[in-house]
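> Please read through the structure below; I'll follow up with questions.
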Amino acid sequence: MLQHSYISITDINLLIFDECHHAVDDHPMRQVMKYFEGCPLNQRPRVLGLTATLLNGNVTLGTVDTAIKKLETTFHANIATVNELGEVLEESSYELLDQVAPARPVPLPDT
Numbered sequence: 001m002l003q004h005s006y007i008s009i010t011d012i013n014l015l016i017f018d019e020c021h022h023a024v025d026d027h028p029m030r031q032v033m034k035y036f037e038g039c040p041l042n043q044r045p046r047v048l049g050l051t052a053t054l055l056n057g058n059v060t061l062g063t064v065d066t067a068i069k070k071l072e073t074t075f076h077a078n079i080a081t082v083n084e085l086g087e088v089l090e091e092s093s094y095e096l097l098d099q100v101a102p103a104r105p106v107p108l109p110d111t
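Quick note on UniProt numbering: the sequence shown kicks off at 1 and runs consecutively.
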């Protein structure tokens, strides 16, 4: 849709990418993110990239920093891990109150 100009990147509010660690080389996710180039910061959609494994199997210990920086550049973002995100959520969210109320059974009509 973007490639054929049916919509513009500025028409999108939120992009969610699953398995975002695959967004390298000419992967379609990376192609979508190229539409951010030249788009004003205040008109860019928010991006949420999700993955269970941040890096793919081709990354060695010596190239971890480079691979992470490459993903951050691709997604115009900063990577946050579960532990870091948990700390952020603890500092910026309200205490959750759980309340449980017993349900009364509702009779079902005979069929």
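Glycine included, each C-beta is placed from N, C-alpha and C at the ideal position. Bear in mind that the values here come from a model prediction, so they are computed numbers and not experimental data.
Judging by CA-CA distance, which residue of 50, 103 and 1 is the nearest neighbour of residue 19?
Taking the first residue of the sequence shown as position 1, residue 19 is located at position 19. Here the closest residue by C-alpha is 50.
> When the Cβ atoms of the segment 74–82 are set against those of the segment 40–50, are three or more pairs found closer than 8 Å?
Short answer: they touch.
> Quick check on the burial criterion: 16 or more other C-beta atoms within 10 angstroms. Buried or exposed for residue 103?
Translated into positions along the sequence shown, residue 103 becomes position 103. Under this definition residue 103 is an exposed residue.
> Consult DSSP for residue 44 and reduce its assignment to one of helix, strand or coil.
One-based indexing of the sequence shown puts residue 44 at position 44. Three-state result, residue 44: coil.
> Across which residues does DSSP place residue 16 in a beta bridge pair?
The residue labelled residue 16 in the question sits at position 16 within the sequence shown. 48, per the DSSP bridge assignment.
> Can you tell me where the alpha helix (DSSP H) with residue 25 in it begins and where it stops?
Working through the sequence shown from its first residue, we reach residue 25 at position 25. Unbroken run through residue 25: none, as it is neither H nor E.
> Where do the N-terminal and C-terminal ends of the alpha helix (DSSP H) with residue 72 fall, by residue?
Taking the first residue of the sequence shown as position 1, residue 72 is located at position 72. Taken as a continuous stretch (DSSP letters only), the alpha helix (DSSP H) holding residue 72 covers 64–74.
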